[in-house]
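Have a look at the structure below, then the notes.
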Amino acid sequence: MSTAMLSTELDRTTRPLRRTGILARILRNPMGTASLIVLTLIVLAAILAPLITVNPPGRADIGMVNAPPFTDGYLLGGDNAGRDVLSRLVFGAQLTLLGALSTVIVSLLLGVTLGLIGGYYRGRFDAVAGWVCDLLLILPSKIVLVAMFAVIGPNTMLTMAVLGVMVAPSFYRLVRNLVIAVRKELYIDAAQVSGLSDARIIGRHVLFAVRAPIVVHTSMIAGLAIILQAGLEFLGLGDPDSPTWGGMLQDAFTSIYSDPLLMVWPGIAIGVTVGAFILLGNVVRDSFDAPAAVRPRRRAVAAGSDAVTAPEGSICHVSGLTIGYAQASGDDKVVVDGVGFDVQRGRVLGLVGESGSGKTQTSLAILGLLPKGGAVLGGGISFEGKDLLAPGAARALRGRRIAYIPQEPMSNLDPNFTIGHQLIEPLRAAKGLSRTEAREAASALLERVGIPDVERVLRSYPHQISGGMAQRVLIAGAVSCDPDLIIADEPTTALDVTVQAEILDLLRGLQRERGMSMVLVTHDFGVVADLCDDVVVMRDGRVIERGTAEEIFGDPQQEYTRTLLASTLDGTPARSVLDKKGAQS
Amino acid sequence: MTESLLDVSDVKVAFPVAGWRRPPVEILHGVSLSVAPGRTVGLVGESGSGKSTLGRAVLGLAPVTAGTIRFQGREIQDLSKAERRPLAADLQVVFQDPYSSLNPAMSIGAILAEPLRARGIAADEAIARIHDLLDAVGMPSGSARRSPREFSGGQRQRIAIARAIALEPRLIVCDEPTSALDLSTQARVLDLLVELQERTGVSYLFISHNLAVVRRMCHDVAVMYRGEIVEYGEGDRVTSDPQHPYTRSLLMAAPVPDPARQSARRGERQRLRAETAA
Amino acid sequence: MLVFIARRLGGGLVLMLGISFIAFALVFAGGSHAAHSILGQDADAAAIAAKEAELGLDQPFIVQYGTWLLNALRGDFGHSWFNSEQVVDLIGTRLPVTLSIVTVSVLLTALVSVLLGMTAAIRGGWLDRAIQFVSVAGVALPNFWVAIVLVVIFAVTLGWLPATGYVPFGDSPSRWVASITLPVVALLFAGIASTAQQIRGATIDVLSRDFVRTLRARGLSERSVIGAHVLRAAAGPALTVLSLQFIGTIGGAVVIEKVFALPGLGLLGVNATIKGDMPVIMGVLIVTAVIVVLVNLVIDIVNGWINPKARLA
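Chains as they are written, first to last, in this note's numbering: chain A, 1 to 585; chain B, 1001 to 1278; chain C, 2001 to 2313.
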């Protein structure tokens, strides 16, 4: 099972939560609330500038040149021309915010609308638009804006609008990629079949799904616009008539030796405003990326119940195993509760259950590979008498005495390395073989698992071989170190049924040949019947029933086991026969 | 003889390939079948067989390059998106993935209302209908206010079925509706589908990779392999005594939940493979 | 692999052509008042017309572009409208200055960001939280403001490093280092802030991939897993981030050059744009674009070498 599916397994057992909008999520986060307040204050200050300042921003008073703060009603002092710094700061906010607004509006209008069309309809529009985007993104915006000054002149709004055009491609790319991903979702197809027009689908479903990343990106663009505008003003390419933060920095720079303090105020203004935008973006992004907080179930951790010492003939002894995941609230969410069983030497144990049964978690615990946040809260696992839960114990045995066969073949191979490398490298690490010896061993293994044209496959990359072949490669890798125990997590679930039969044959053959023990995690009782000697049935993190395959299939004791076996559709009458009988009666 | 509801005749489907002047890839190489009113026809095959593609072609979600698809006597393979919309009242779908087929950002009520509102049905009438729909699929009526995230896979599939029957269609394309569900849930959802068919007389085009499921659900079965139908006949016969070697290998490969019988089947399969190899 | 490189090169050339056309259109869109700014406001109509004919501004736009392009391909970017210096010469003396601070800054950014970002992703803890904080501060404060602060502290107050001026490497390597230290540090601040954060994100993504778990299950040491496999997988996204960072740094260098009075391309462009000296502006634009396209090309090719799947695109 992939790690992504594991978290879905976890989600399944959560209790319902209220759905929350963007604003609510922002306000839930203290940083989000803080940035919203800061931004609101800045906007209000800009709008109410004439009302809240005492001195006009443009009035120069010789007596106040480079005056220190708190002199004569000038709260932050006077600049190099004797003007009120605070007043200029507040009025400067107007042009800054208007400029950012100009950029944001142009880039949103262009980037989002075109991105929606390009992502939804693809085709030549998307190809051409993509090429134009590459073009615009390559040019450094600041240099282009500097060049445009010669054409536009000191017109802040127009310059920032041009910036909007230059950053629109980033919105296009973002929206287009998101739309392509959403397009693949089945609910889009369902909406189409339900008779909705394209416009309704885009407006209702697609736009709604991409709103959060758009908000995040917008706040980043707003911050970027403010910094760029300040830079242009600092270079002397801004509006000479109105007070601007960048312009104030330019003035401060000229009097850097006489009054270095002048530089601080506009710097803080810019830093705080842009910082607020960025934090806001981060908060929105984090609140949509991270899974919503889960309310935990209160469960007492069961004390270890089974025998401490492993019985005779058992290669792996699990007793009272309890696994939990740390929640944001501090409690643990228990996914495996007091599970115990034995893996007999040379036999195959089937770990059967539905989703949420904890079978995969148990198998990963034996390997010491629980995903982040998971921990063994109680109980024990021993392998040939050694305690696997001791630090470093599992790691020492992995790839040497205990091996792993995963479920999804393609995602479990590193796409950047050849098959040969991925077989040879661990082989050398585990057995200390030379490169040539390891290569020979790898070739022999690939032949044994039934791969034709071994040389080609060794040189290939994972994306160049089929899923069935990839699974054979993974099996070869698992048995390459001659392990005593193999943990196989649904090794055939992702494969076609004819391929599955061959892989099961292969696993059986290898297991018998080498006398390996196996833990086979599966939800399919047919696979259990085909391969397993012993069976453990799990449900909701607990063991329901244990026994040999003959016992479980022939005489299941527990109600749940009987229900599961009855659900397998084995022996149910065919529909065509049923209906004919119904028609006759 | 009743006229068939759906008539697929020698249909080919090819998908365009990205890149300059690359020839399209043909997925279906001329398939034919028909579905009568109130009956279920199964499409069974492995990955790459084209079974889902055929279902999608019927729904207008895949490009048909040759052949005809007749629904209620009318040719629908070349209809534009706008022309297809009225078909929504009679032709619906239930998809495989219950996590992706319901928009997680909408409430159940809004999801179920969507096809009704698209048809122009007034809001208050829609609300009443939604309650009936939820009832019909065995879901509590309070579900309408909640989000898909709050439900399990089996429950979401029931909601997807409720959405499909909202407009009382004549034919529903079921694309692997139970493949992503747990065993126990699967049985219940299949029962629901059968019950709905018996009550309303709706037809199903039932797509699956699982022979046992197809045997349980379908009156007639078409076996697909690499874009062609290799065997087509009565459900019972095709799934217990197939003629075509591919169908036989499919049947032999599916493991049965009984160690003794499985052992015997395995032996048979290996003998069959040795024979064909020789 | 060779086919991949050839295709990318071809794409780069087409891109350059497109950029040159757009740049020309942008710059010469309002070119008619150039004659005014050269001759002054009082010049009479005849003198204006003569000047325009001399500069070739009376020709149709396509002809102007064509002429410019043909000359440019021969290495002739024309001459400044305000003094008679060749644009190529002007750029030639300024280019090394800008390239010095930009390349050193980007290389250091890359090194530090990868170290910080990957460590934060793998170890988590206080380093992780520190990086998140620094990344906001680094991006929020304008780099030229940081530069001025650095000047005040290290040049004016402490006197350790020069406040202005550039010393070419050929003249004195040690003084070259001294002259570019503060500018590079100013650029580094913003650069590391954004890049480290993104590399951290990319590394976290890679660490959660299935094949990482499978490699651990095969018994590979954590050092091999991280050092070979995670690094390779994160390299792709990291390279993308770095190529964007390069583009951003070139833009950022413009203001830095003003703070430190460095005779670079950026300042050349600013002065030219205030006067309306079109050939110089065009030259600066094109040279910048060429550099960026080349750097992107190299990064693309490296990415194709590291990530075999990328070669299919």
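All C-beta atoms in this analysis are idealised placements derived from N, C-alpha and C, irrespective of residue type, glycine included. Predicted model, so just to flag it, every value in this text is computed and none were measured.
One alpha carbon belongs to residue 145 of chain A, the other to residue 162 of chain A, and they sit about 8 Å apart. When only Cα atoms are considered, residue 423 of chain A and residue 449 of chain A end up about 13 Å apart.
The contact set of residue 2229 of chain C on chain A, defined by CB atoms closer than 8 Å, consists of 414, 416 and 417 in chain order.
Inter-residue distance for residue 154 of chain A and residue 2285 of chain C is about 20 Å (C-alpha atoms, whole angstroms). Taking 8 Å as the cut-off between beta carbons, none of the residues of the stretch 311-333 of chain A comes near chain C.
The continuous alpha helix (DSSP H) containing residue 2251 of chain C extends over residues 2231-2260. Residue 133 of chain A: member of the alpha helix (DSSP H) spanning 123-138, first to last residue.
Taking a cut-off of 8 Å on C-beta distances, the stretch 1060-1068 of chain B does not touch the stretch 156-171 of chain A, as fewer than three cross pairs fall below it. Taking a C-beta distance under 9 Å as the contact criterion, residue 374 of chain A and residue 325 of chain A qualify as a contact pair. The DSSP-derived three-state label of residue 74 of chain A is strand. Using a 10 angstroms sphere on the CB of residue 1219 of chain B, the tally of other CB atoms reaches 16 or more, which defines it as buried. Fewer than three pairs of CB atoms, one per stretch, sit closer than 8 Å, so the stretch 424-438 of chain A makes no contact with the stretch 370-386 of chain A. Per the DSSP secondary-structure output, residue 398 of chain A pairs in a beta bridge with A:402. Taking 7 Å as the upper bound on Cβ-Cβ separation, chain C lies near residues 461 and 463 of the stretch 455-466 of chain A. Counting C-beta pairs with one atom in each stretch, the stretch 1125-1145 of chain B and the stretch 1102-1112 of chain B have three or more that are closer than 8 Å, which means they touch. At a beta-carbon threshold of 7 Å, the residues of chain C lying near residue 367 of chain A are 2217, ordered along the chain. One alpha carbon belongs to residue 2311 of chain C, the other to residue 490 of chain A, and they sit about 33 Å apart. Taking the C-beta atoms as reference points, residue 252 of chain A is found no nearer than 9 Å to residue 237 of chain A.
Taken in chain order, the unbroken stretches of alpha helix (DSSP H) that lie wholly in the stretch 2125-2204 of chain C and span 4 residues or more are 2125-2140 and 2143-2150. The Cβ atoms of residue 517 of chain A and residue 349 of chain A sit closer than 9 Å to each other. A distance of 9 Å or more separates the beta carbons of residue 1214 of chain B and residue 1233 of chain B. Taking the Cα of residue 96 of chain A as reference, the smallest distance to any Cα among A:464, A:231, A:479 and A:203 is reached at A:231. Only residues of its own chain outside the window of five on either side were considered, and among them 366, 368, 381, 382 and 394 have a CB closer than 7 Å to the CB of residue 388 of chain A, listed in chain order.
The C-beta separation of residue 445 of chain A from residue 457 of chain A comes to about 11 Å, leaving the pair out of contact by the 8 Å criterion.
Around the beta-carbon of residue 500 of chain A, 16 or more other beta-carbon atoms lie within 10 Å, marking it buried. Residue 85 of chain A counts as buried, since at least 16 other C-beta atoms from the protein chains shown sit within 10 angstroms of its C-beta. Along the stretch 1188-1272 of chain B, the alpha helix (DSSP H) occurs as fully enclosed runs of 4 or more residues at 1211-1217, 1235-1240 and 1245-1253, listed in sequence order.
Our two residues, residue 483 of chain A and residue 402 of chain A, have alpha carbons roughly 5 Å apart in a direct line.
Of the candidates A:451, A:455 and A:459, the residue whose Cα lies closest to the Cα of residue 468 of chain A is A:451.
Residues of the stretch 113-143 of chain A with a C-beta less than 7 Å from any C-beta of chain C: 134, 135, 138, 139, 140, 141, 142 and 143, listed in chain order. The DSSP-derived three-state label of residue 2059 of chain C is coil.
Not a single CB atom of chain B sits nearer than 9 Å to the CB of residue 541 of chain A.
Interface flag for residue 1114 of chain B against chain A is set, since a Cβ pair is found closer than 9 Å.
Looking at the backbone, the Cα of residue 113 of chain A and that of residue 103 of chain A are separated by about 15 Å. For the C-beta of residue 1101 of chain B, the chain A residues within less than 9 Å are, from N- to C-terminus, 185, 186, 187, 189 and 190. In the three-state reduction of the DSSP assignment, residue 369 of chain A falls in the coil class, being assigned neither a helical nor a strand state.
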